[in-house]
Amino acid sequence: MIKKYLFLALIVLITLRLSAQEWVAPAEEAVKLSPFAFNDSTRKVGADLYNTNCKSCHGDPGKNNVINLVPVPPDIASVKMQTNTDGSIHFKLIQGKGTMPSFKNTISSGDLWRVISYIRSYNEKYVQVIDTKTGIAGTSASNVKILVSWIKDKNQVQMLISGMKESKVQPVAGAEAKLFAKRYFGNLLIDEARNTDAQGKALFNFPKDLPGDSAGFVQLVAKLSDEAAFGEAKADTTLAIGVPTYRPPLNEQRAMWNVVQKTPIWLLLAYTFTVLAVWGFIFYVLMQIRAIYIAGSRKEDEPLN
Numbered sequence: 001m002i003k004k005y006l007f008l009a010l011i012v013l014i015t016l017r018l019s020a021q022e023w024v025a026p027a028e029e030a031v032k033l034s035p036f037a038f039n040d041s042t043r044k045v046g047a048d049l050y051n052t053n054c055k056s057c058h059g060d061p062g063k064n065n066v067i068n069l070v071p072v073p074p075d076i077a078s079v080k081m082q083t084n085t086d087g088s089i090h091f092k093l094i095q096g097k098g099t100m101p102s103f104k105n106t107i108s109s110g111d112l113w114r115v116i117s118y119i120r121s122y123n124e125k126y127v128q129v130i131d132t133k134t135g136i137a138g139t140s141a142s143n144v145k146i147l148v149s150w151i152k153d154k155n156q157v158q159m160l161i162s163g164m165k166e167s168k169v170q171p172v173a174g175a176e177a178k179l180f181a182k183r184y185f186g187n188l189l190i191d192e193a194r195n196t197d198a199q200g201k202a203l204f205n206f207p208k209d210l211p212g213d214s215a216g217f218v219q220l221v222a223k224l225s226d227e228a229a230f231g232e233a234k235a236d237t238t239l240a241i242g243v244p245t246y247r248p249p250l251n252e253q254r255a256m257w258n259v260v261q262k263t264p265i266w267l268l269l270a271y272t273f274t275v276l277a278v279w280g281f282i283f284y285v286l287m288q289i290r291a292i293y294i295a296g297s298r299k300e301d302e303p304l305n
C-alpha cells in the first residue's frame with residue numbers, strides 16, 4: 001500500500017515538474033514583430049485589456065502579487081517576462097497552455113499586440129522593432145485605407161485598398177479581403193474571401209435577394225484578414241444595394257413585450273378574468289364568514305326551553 005502511494009506521489013511530482021518547465025515559443029513565432037508602432041494610445045488600450053483579462057492571475061505590474069498557480073504566472077514587469085521576444089509573448093497569448101487560457105477567439109491579433117505594448121511599458125531598455133516585411137505596416141486608422149463602391153451593371157461590390165509605404169500611397173496587393181453585411185445577430189459573409197490584385201482591388205459578387213432597410217440600404221463591413229500584417233484594417237460603408245424591406249418596429253404590433261396599450265387582447269382578458277376570479281373567491285370567503293357569524297349570533301339570542 002505504501003509503495004502504491006509513493007508511486008502516485010512520484011507521478012504527481014513528475015507531472016508538476018513537466019508543467020512547470022520553461023515555455024518556449026517556436027522559432028518562427030518568436031521572431032514575429034508588431035505591424036504597428038507602440039505609443040500611448042496602444043498602451044492605454046493594452047492596459048484596459050490587461051486589467052480585464054490578465055490581472056486576476058498576473059497581478060499588478062511590479063508588485064509581485066500574482067495568483068498561486070502551477071506554474072506560477074510571471075509578473076509582467078519581471079525579468080522572466082521581459083526576456084521573451086514580442087513574438088513569443090504574442091504566440092503564448094494566442095496559444096495558451098495549462099492554466100494560461102488561449103485568447104485566439106476572444107481578443108483580436110491587433111489587440112494582443114496592444115497588450116504587448118502595455119507589457120513593454122515596464123521595460124525601460126526595450127526598443128521596438130516594427131515588422132515592415134509582411135506588407136504595409138501600421139494600424140488601419142492611419143496607414144491603410146479601404147474604399148468600397150458599387151458596380152451596378154455587374155452586381156458587384158469593389159474594394160480598393162491602399163496604404164502608406166516609404167512615404168508614398170501604394171496599392172495593397174495580394175492581401176486577403178473579406179466583405180460582410182451587418183445583420184441583426186452578427187455579420188453575414190458576402191461571397192468568399194478575395195485577394196487584391198496589383199491595383200489593390202477586390203471584387204465581390206453581391207446577392208440580388210439580400211434584404212435591406214425600407215430604402216434598400218445595407219451596412220457593409222470591409223476588412224483585411226491578416227491583422228498581424230495590417231492591423232485591424234476595416235471600413236464601414238452603407239450602400240443602397242439591397243432589396244427594400246419594411247420591417248415593422250417591435251412596438252408597432254400587439255405583443256407581450258410591448259407597452260400596456262399594445263398588450264395582446266387575450267392577455268388582457270386572461271389577466272382581467274384572473275383578477276376577477278381571485279377577488280370573487282375572496283369576497284365569497286368573506287360572505288361565508290359573515291354568514292357563520294350571523295348564524296352563531298342568532299343561536300345565542302334564542303331562549304332556552
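Each residue of the sequence shown is one higher than the last, beginning at 1 in our numbering.
Where is the CB? At the ideal position from N, CA and C, for every residue including glycine.
Per the C-alpha coordinates, the member of 66, 77, 143 and 74 positioned closest to residue 35 is 143.
No Cβ-Cβ contact shorter than 9 Å links residue 91 with residue 198. In this structure the segment 38-46 lies against the segment 109-124, because at least three pairs of beta carbons, one per stretch, are closer than 8 Å. In the structure shown, residue 204 falls within a strand segment according to DSSP collapsed to helix, strand and coil. When Cβ pairs closer than 8 Å are counted between the two stretches, the segment 206-216 is seen to touch the segment 237-253, the count reaching three or more. Note that the C-beta distance between residue 98 and residue 61 is not below 9 Å. Under the DSSP assignment, residue 236 falls in the beta strand (DSSP E) whose first and last residues are 234-240. Around residue 77, the same chain offers 61, 62 and 122 as residues with beta carbons nearer than 7 Å, after the five sequence neighbours per side are excluded. The bridge partners DSSP lists for residue 194 are 177.
Within the DSSP bridge table, the entry for residue 222 names 179 and 235 as partners. Judged by DSSP secondary structure, residue 161 falls within the beta strand (DSSP E) whose first and last residues are 156-165. The three-state reading of DSSP puts residue 280 in helix, counting H, G and I together. By the C-beta criterion, the segment 186-203 is judged to be in contact with the segment 158-173, since at least 3 inter-stretch pairs fall below 8 Å. For residue 146, there is no enclosing alpha helix (DSSP H); the residue is found in the beta strand (DSSP E) stretching over 144-151. The straight-line gap separating the alpha-carbon atoms of residue 263 and residue 188 is approximately 34 Å. For the set 272, 184 and 178, the Cα lying nearest the Cα of residue 192 is the one of 178. Beta-bridge annotation (DSSP): residue 186 is paired with 183. Here the alpha carbon of residue 181 sits roughly 32 Å from the alpha carbon of residue 32. Counted as a single uninterrupted DSSP element, the stretch harbouring residue 261 is not any beta strand (DSSP E), since DSSP gives it neither H nor E.
In this structure, residue 258 sits near residue 250, with a CB-CB distance shorter than 9 Å.
Residue 171 has 162 as its beta-bridge partners, per DSSP. Cβ contact annotation for residue 217 (same chain, cutoff 6 Å, sequence separation greater than five): 238 and 240, in chain order.
With 16 or more other CB atoms across the displayed protein chains lying within 10 angstroms of its CB, residue 93 is buried. With 16 or more other Cβ atoms from the protein chains shown falling within 10 Å of its own Cβ, residue 109 counts as buried.
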